[in-house]
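Notes follow once the structure below has been shown.
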Amino acid sequence: MDSTKRQILLITVIVAAIMELIDISIVNVALSHMSGNLGATLEDTSWVITAYAIANVIIIPMTSFLTTNLGRRNYYISSVLLFTFCSFMCGHSSNIWMLVFFRFLQGIGGGALISVSQAVVFELFPKEKQGTASAIFGLGIFIGPTIGPTLGGFITEDYSWPWIFFINIPIGIMVAVSCWFLLTEPVVKPVVKAVDWLGIALLAVGIGALQIVLERGQIEDWFETGYITAFSIVAALSLISFIFWELHTPNPVVNLRVLKSRTLSIAAILTFIVGIGMFTSVFMTPVLAQRLLNFSPTQTGMLLLPGAIIALFVLMLSGKLLQRGISPIYLIIVGFLIFIYFSWQMTLISINTSKETLAINLIFRAIGMALLTVPTTMLAVSTLDPADIPQGAALNNMMRQLGGSFGISLANTYLARRFAEHRVDFINNITSTNILATERLNRLTGYFQSKGYDLLQAKQKALALTEYSVSKQSTLLSYMDTYLLIGLLFAFALPLLFFVKSKGTNAVKLETISDH
């Protein structure tokens, strides 16, 4: 392949990966619009995010297996076409559950756009430039979810929410056409193996049932509801059976045996935590900005843009440092500490926090995530044999997506619980014996009387305004608590790095990931 075709293919697969990753978060700033337009609650509308994440979690660890059995070119182009068709159907959905269904299928198609794109990028670079390849692909992993809200804000405010899906259609068609002419099979063709249908089924059922429990448990009072209990049992049995089956079948769809590597196991846990931080912060911040701080979708989207720009340079820097032999452990430590600082700063916000303050906080988030995106992958595969690296990298990618899916569910549950607790605390202090509360109610009553309302109406207006203030403050405090929780998860996970074997982490063999 000549240099021009090589560059076109490189741009094509990177654009495809960024498109897939943008779709993880592009809907975040449009949730309120979708909810109102489709007549759904915000809790139901959040399934638009989690259905996509579930599909990604299911398909990503299977991409190596599917590529081997279907052929890389066929599988990749089919996935692009599925992603594009489902984008069209998402934009034409007439109710929330139709949208959730096609978002799930869109996520199935999108899974290949991460893993296979990564393999192609590494294949197009010579071994001595694999650090650059890693940083370039890291741009997509990080920038996609980060600029998603910015792009979604512009589209939602200037056009309408269906266009956040329609924008994928011309891009998807161009990617499919380009890959039809340029994408080839790997130089070293893997051996075709028998299809592990049982493993695929157990993984899909287990992850799907677990996500339903995490999403609906808080709303349905957990195990007080029959179907939550049933899905919990299904999830436990399916995932336990999946682990047992994959460890004993000769051709597993997910080779869990690679987790014998302590370094990979620890890296997978850290990547899971990184996924929680990456996706949950991008999920919560737009809702916080729009619902509490009254920012427009465009203003909300712009909050993340400065951090995304700075992260570009940090990502390239991390790739160069890894290429020079700097241990990924050092970068991971710095990245974790910066993200912990971001989480702490978000616990200091108020109703009057400015756009500038939030944007600065999000710059720290971006730098922390940028320092973690590539090094966690490098650490995960640093002690694996070359033959095990594709499966190790796939597992690590799966853990990032699973962390994001779990994190959003955790955030929704924790936000609801903390809101209820803060609201009760506030209301318990609004009594006739509380002089400050009584004076405030009397002042508000007098204000509404001065506007022409009689005493009874004025009191009702004063109580309604007080309830609104209580709800708003309770919501703000619940968000602050959730940011603190995420920061604590990062803090508690950080000591795991002390148990990582140092051998191999100072000179990670970047070229071996090209097999993934």
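Quick note, my numbering runs 1335 ahead of the 1-based positions in the sequence shown. All residues carry an ideal CB built from backbone N, CA and C; glycine is no exception.
- Query: Given N1777, which residues of its chain have a CB within under 7 Å of its CB, disregarding the five upstream and five downstream residues?
  - Reply: Translated into positions along the sequence shown, residue 1777 becomes position 442. Cβ within range, chain order: n/a, list empty.
- R1597 versus M1433 - alpha carbon distance: In the sequence shown, residue 1597 corresponds to position 262, counting from 1. In the sequence shown, residue 1433 corresponds to position 98, counting from 1. If I take the Cα positions, the gap works out to 42 Å.
- Message: I'd like the span of the alpha helix (DSSP H) that includes I1667, first residue to last.
- Response: The sequence position of residue 1667 within the sequence shown is 332, counting from 1. Its alpha helix (DSSP H) spans residues 1663-1681.
- Message: Assuming contact is defined by CB atoms lying nearer than 8 Å, are M1734 and F1607 in contact in what I supplied?
- Response: If you number the sequence shown from 1, residue 1734 lands on position 399. If you number the sequence shown from 1, residue 1607 lands on position 272. Contact flag set, yes.
- Ranges of the alpha helix (DSSP H) found wholly within the segment 1756-1792, counting only runs of at least 4: 1770-1785
- How many angstroms separate the CA atom of L1812 from the CA atom of R1753? By 1-based counting over the sequence shown, the position of residue 1812 is 477. By 1-based counting over the sequence shown, the position of residue 1753 is 418. Each residue's alpha carbon lies about 8 Å from the other.
- Item | For S1744 and T1847, the rounded distance between their alpha carbons | Stepping through the sequence shown from its first residue, residue 1847 is reached at position 512. Stepping through the sequence shown from its first residue, residue 1744 is reached at position 409. Any reading at T1847 must be qualified, since the residue scores a pLDDT of 40, below 50, and its modelled position is unreliable; the value itself is stated next. Cα-Cα distance, rounded: 35 Å.
- Query: Using 8 Å as the threshold, is the segment 1625-1641 in touch with the segment 1788-1804, meaning 3 or more CB pairs across them?
  - Reply: no
- Message: Between which residues of its own chain and C1421 is the CB-CB distance below 7 Å, once the five residues before and five after are set aside?
- Response: Counting from 1 along the sequence shown, the entry for residue 1421 is found at position 86. Taken in chain order, the residues that qualify are F1437, L1440, Q1441, G1444.
- Item | Member of G1534, L1605, K1595, F1558 whose CA lies at the smallest distance from the CA of S1573 | For the purposes of this step, residue 1573 is identified with residue 238 of the sequence shown, where counting begins at 1. Nearest of G1534, L1605, K1595, F1558 to S1573, Cα basis: G1534.
- Check S1806 in the structure and name its three-state DSSP category. For the purposes of this step, residue 1806 is identified with residue 471 of the sequence shown, where counting begins at 1. In the structure shown, S1806 sits in a helix (DSSP, three-state: H, G or I).
- When we look at the beta-carbon of R1407 and count the other beta-carbons within 10 Å, is it buried (16 or more) or exposed? Mapped onto the sequence shown, residue 1407 falls at position 72. Classification of R1407: buried, given that the 10 Å Cβ count is 16 or more.
- Kindly list the residues whose CB is nearer than 8 Å to the CB of Y1749, restricted to its own chain and excluding five residues on each side of it in sequence; keep chain order. What you label residue 1749 is simply residue 414 of the sequence shown in a count that begins at 1. Here the set comprises S1813, D1816, T1817, L1820.
- Query: Thinking C-beta only, is F1618 closer than 8 Å to A1746?
  - Reply: Along the sequence shown, one-based indexing puts residue 1746 at 411. Along the sequence shown, one-based indexing puts residue 1618 at 283. In contact: A1746 and F1618 (Cβ atoms closer than 8 Å).
- Query: Around the C-beta of W1515, are 16 or more other C-beta atoms found within 10 angstroms, so that it is buried, or is it exposed?
  - Reply: Counting from 1 along the sequence shown, the entry for residue 1515 is found at position 180. Answer is exposed; the Cβ neighbour count stays below 16.
- Task: Leaving aside the five residues before and after T1633 along the sequence, list all residues of the same chain whose C-beta is less than 7 Å from its C-beta, in chain order.
- Result: What you label residue 1633 is simply residue 298 of the sequence shown in a count that begins at 1. Excluding residues within five positions, the ones whose Cβ falls inside 7 Å are G1488, F1489, E1492.
- Query: Does DSSP classify L1417 as helix, strand or coil?
  - Reply: Stepping through the sequence shown from its first residue, residue 1417 is reached at position 82. Helix, per DSSP.
- Message: Taking the beta carbon of I1601 as the centre, do at least 16 other beta carbons fall within 10 Å, making it buried, or is it exposed?
- Response: Taking the sequence shown and counting its residues from 1, one reaches residue 1601 at position 266. Buried.
- Query: According to the neighbour-count rule (16 or more other Cβ atoms, all chains shown, within 10 Å of its Cβ), is P1830 buried or exposed?
  - Reply: For the purposes of this step, residue 1830 is identified with residue 495 of the sequence shown, where counting begins at 1. P1830 is exposed by the Cβ-count criterion.
- Runs of alpha helix (DSSP H) wholly within the segment 1551-1612 (minimum 4 residues, chain order): 1561-1583
- Task: Would you give the residue range spanned by the alpha helix (DSSP H) that D1337 belongs to?
- Result: The residue labelled residue 1337 in the question sits at position 2 within the sequence shown. Run containing D1337: none; DSSP gives neither H nor E here.
- Message: If you reduce the DSSP assignment to three classes, tell me which class F1460 lands in.
- Response: Against the sequence shown, residue 1460 aligns to sequence position 125. Coil, per DSSP.
- Can you name, in chain order, every residue of its own chain whose Cβ lies under 6 Å from the Cβ of A1511, other than the five neighbours on each side? The residue you call residue 1511 lines up with position 176 of the sequence shown. If we look at A1511 and ignore the five residues flanking it on each side, its Cβ neighbours are I1412, V1415, L1416.
- Task: Grab me the residues of M1424's own chain with a C-beta within less than 7 Å of its C-beta, minus the 5 sequence neighbours each way, in chain order.
- Result: Stepping through the sequence shown from its first residue, residue 1424 is reached at position 89. Taken in chain order, the residues that qualify are F1437.
- Whose C-beta lies closer than 7 Å to the C-beta of I1506 among residues of the same chain, with five residues either side of it excluded? As a working mapping, residue 1506 is identified with position 171 in the sequence shown. Only V1350, M1354 meet the Cβ criterion.
- Item | DSSP state of N1430 mapped onto helix, strand, coil | On the sequence shown, position 95 is the one that residue 1430 refers to. Coil.
- Whose C-alpha, out of F1783, A1536, A1447, is nearest the C-alpha of T1403? The residue given as residue 1403 occupies position 68 in the sequence shown. Per the Cα distances, A1447.
- Message: Here's the rule: buried if 16 or more other CB atoms are within 10 angstroms of the residue's CB, otherwise exposed. What is Y1562?
- Response: For the purposes of this step, residue 1562 is identified with residue 227 of the sequence shown, where counting begins at 1. With fewer than 16 Cβ atoms within 10 Å of its Cβ, Y1562 is classed as exposed.
- Message: Using only the alpha-carbon positions, how far apart do W1496 and E1581 sit?
- Response: Translated into the one-based positions of the sequence shown, residue 1496 becomes position 161. Translated into the one-based positions of the sequence shown, residue 1581 becomes position 246. Their Cα atoms are separated by approximately 41 Å.
- Supposed contact pair F1671 and F1834 - C-beta distance, whole angstroms, cut 8 Å: Along the sequence shown, one-based indexing puts residue 1834 at 499. Along the sequence shown, one-based indexing puts residue 1671 at 336. Their Cβ separation, rounded to whole angstroms, is 15 Å, which puts F1834 and F1671 out of contact at 8 Å.
- Is it true that the CB of A1772 sits closer than 8 Å to the CB of N1764? Position 429 of the sequence shown, counted from the first residue, corresponds to residue 1764. Position 437 of the sequence shown, counted from the first residue, corresponds to residue 1772. The answer is yes: Cβ separation under 8 Å.
- Query: Measuring CB to CB, does V1392 end up less than 8 Å from L1623?
  - Reply: Counted from its first residue, the sequence shown places residue 1392 at position 57. Counted from its first residue, the sequence shown places residue 1623 at position 288. Cβ atoms of V1392 and L1623: not closer than 8 Å.
- Tell me where the alpha helix (DSSP H) around L1831 begins and ends. Against the sequence shown, residue 1831 aligns to sequence position 496. No alpha helix (DSSP H) holds L1831; DSSP gives it neither H nor E.
- Message: Between which residues of its own chain and L1345 is the CB-CB distance below 6 Å, once the five residues before and five after are set aside?
- Response: What you label residue 1345 is simply residue 10 of the sequence shown in a count that begins at 1. Closer than 6 Å at the Cβ level, and outside the excluded window around L1345, lie L1459.
- By Cβ distance below 6 Å, which residues in the same chain neighbour F1558 in space, the five residues on each side in sequence not counted? Working through the sequence shown from its first residue, we reach residue 1558 at position 223. Correct list, in chain order: T1564.
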